[in-house]
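Participant: Sharing a structure here in structure tokens format.
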């Protein structure tokens, strides 16, 4: 537990990095979730479906964590039986497709319309993507109250040679 917490804190302190390999982002998510599992026990489940050819692709640092945190805080923590967070990563036509979904309580339609522009977690991710990619990215949210939420992101493929950008 202490080792996982140390890894998470170390990662949070590396604010100077603009990009990191998807593999590193997913490793961070696993460390973060192992801490959350201490709070929620077996009520919190995690699944990932990640294509091998995406693992070395570059993504904005700390891209997934705010989305996973929101899934827990707003989607699963109020659900008595808990739930599952799933992350899917695919590559298609020089683009990276990311999906973070949960089977939580869902988001009311009125709130859904403002999520990309207000709040902290989701809007922060959206703004960072806008700064980094301009019009070359897409981010959208689908949710059904009582069934869960899906946040999808599509960004241009960044070559691993850009690792020096950070």
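Residue numbers (the numbering used here): 15 to 180.
C-beta atoms are modelled at their ideal positions from N, C-alpha and C, and glycine is treated no differently.
1. What are the boundary residues of the beta strand (DSSP E) that includes residue 35?
2. Spatial neighbours of residue 26 within its chain, please: C-beta separation below 6 Å, excluding the five flanking residues on both sides.
3. Candidates 80, 36, 93 and 72: which alpha carbon is nearest residue 56's?
4. Less than 8 Å separating the beta-carbons of residue 76 and residue 172?
5. Which of the three DSSP states, helix, strand or coil, is assigned to residue 101?
6. Judging by CA-CA distance, which residue of 38, 135 and 108 is the nearest neighbour of residue 86?
7. So, do the segment 160-171 and the segment 41-56 have three or more beta carbon pairs nearer to each other than 8 Å?
8. Does the segment 113-121 touch the segment 89-104, meaning 3 or more C-beta pairs lie closer than 8 Å?
9. Spatial neighbours of residue 122 within its chain, please: CB distance less than 7 Å, with the 5 preceding and 5 following residues excluded, ordered by chain position.
10. Under the DSSP definition of a beta bridge, which residues are partnered with residue 153?
11. Using CA coordinates, which residue listed in 91, 83 and 132 is at the minimum distance from residue 43?
12. Should residue 68 go down as buried or exposed, given a rule of 16 or more other Cβ atoms within 10 Å for buried?
13. Buried or exposed for residue 107, please, with buried defined as at least 16 other CB atoms from any protein chain shown within 10 angstroms of its CB.
14. Express the C-alpha separation of residue 128 and residue 170 in angstroms, rounding to a whole number.
Facilitator: By the coordinates alone:
1. 33-35
2. Caution is warranted here: a pLDDT of 49 is assigned to residue 26, below 50, making its placement in the model unreliable, and the coordinate value is therefore given only provisionally. Hits under 6 Å: none found.
3. 93
4. no
5. strand
6. 135
7. no
8. yes
9. 159
10. 167
11. 83
12. buried
13. exposed
14. 25 Å
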